[in-house]
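Engineer: In my numbering, the protein residues as written are 78 to 225. Below is one structure. I have some questions about it.
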Amino acid sequence: MIKQIVQSALSGESKCFSHCDKHAKLYLSEHEGKLLGVYACPSGYVSRIVLYERTLELEWFKRFLESVTKSEVKDADIRIATRHPWELALDVEEKVVLKEAYWTQNYRRTKSEDPNRIALFRCTTCGKLFLQSLSSSNTLCETCSKRA
78 MIKQIVQSAL SGESKCFSHC DKHAKLYLSE HEGKLLGVYA CPSGYVSRIV LYERTLELEW
138 FKRFLESVTK SEVKDADIRI ATRHPWELAL DVEEKVVLKE AYWTQNYRRT KSEDPNRIAL
198 FRCTTCGKLF LQSLSSSNTL CETCSKRA
């Protein structure tokens, strides 16, 4: 049910943050039974990762983020949002429909203005998250690059 709610009410486009002026599209996937949303621009730059759950497991989310960013993630790097029925156009009795934990590369304390700094990208072929230089024009992960 959460996936349907996200697809119908929360899947609008966003703007790419700190990379380009293009729109970032929401890509949904499941990891260990949890619904994640990745906002990425056409070049694959990841501007935001969102965990959607009724009850958030923030420690799991931090571990996931640390595994893909290869760096420490602090509680302050993650923001929380609560979604209510009225904002999702749902007619249900529950006061809270779902919660979102979200992280952006802008929140990182180690943020640098170096155009060659390492940043998180989403492969435009297979969807795998990978790290590379922010200024790179590559849109493929290592596996897909070898196949191309």
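Glycine residues also receive a C-beta, built at the ideal position from the N, C-alpha and C atoms.
So the candidates are Leu175, Leu87 and Ser85; which of them puts its Cα closest to the Cα of Glu134?
Structural biologist: Comparing Cα positions, the closest option is Leu175.
Engineer: In angstroms with no decimal places, state the Cα-to-Cα distance between Asp154 and Leu142.
Structural biologist: Computed Cα separation, rounded: 10 Å.
Engineer: Please name the residue in Tyr104, Arg125 and Asp168 whose C-alpha comes closest to that of Cys93.
Structural biologist: Considering only alpha carbons, the answer is Arg125.
Engineer: Residues in its own chain within less than 7 Å of Tyr129 by CB, not counting five upstream and five downstream?
Structural biologist: Taken in chain order, the residues that qualify are Ile79, Val83, Leu112, Gly114, Leu175 and Glu177.
Engineer: Tell me which residues share the same chain as Leu217 and place their Cβ nearer than 7 Å to its Cβ, disregarding the 5 neighbours each side in the sequence.
Structural biologist: Around Leu217: Cys200, Thr201, Thr202 and Ala225.
Engineer: For Arg160, report the span of its alpha helix (DSSP H) as first-last.
Structural biologist: Run containing Arg160: none in the alpha helix (DSSP H); it sits in the beta strand (DSSP E), Ile155 to Arg160.
Engineer: What alpha helix (DSSP H) runs, 4 residues minimum, are completely inside the stretch 109 to 186?
Structural biologist: If we require 4 residues or more, the alpha helix (DSSP H) runs fully inside the stretch 109 to 186 come out as 135 to 146.
Engineer: Is the CB-CB distance between Val173 and His161 below 8 Å?
Structural biologist: Against a cut-off of 8 Å, the Cβ pair of His161 and Val173 comes out as a contact.
Engineer: Within 10 Å of its beta-carbon, does Gly121 have 16 or more other beta-carbons around it, so buried, or fewer, so exposed?
Structural biologist: Looking at its Cβ environment, which holds 16 or more other Cβ atoms inside 10 Å, Gly121 is buried.
Engineer: If you drop the 5 nearest sequence neighbours on each side, which residues of the same chain put their C-beta closer than 8 Å to that of Glu219?
Structural biologist: Hits under 8 Å: Phe207.
Engineer: Between Tyr179 and Ala196, which are expected to be in contact by the criterion C-beta below 8 Å, what is the C-beta distance as a whole number of angstroms?
Structural biologist: Not quite, the Cβ-Cβ distance comes to about 17 Å (not below 8 Å), so this is no contact.
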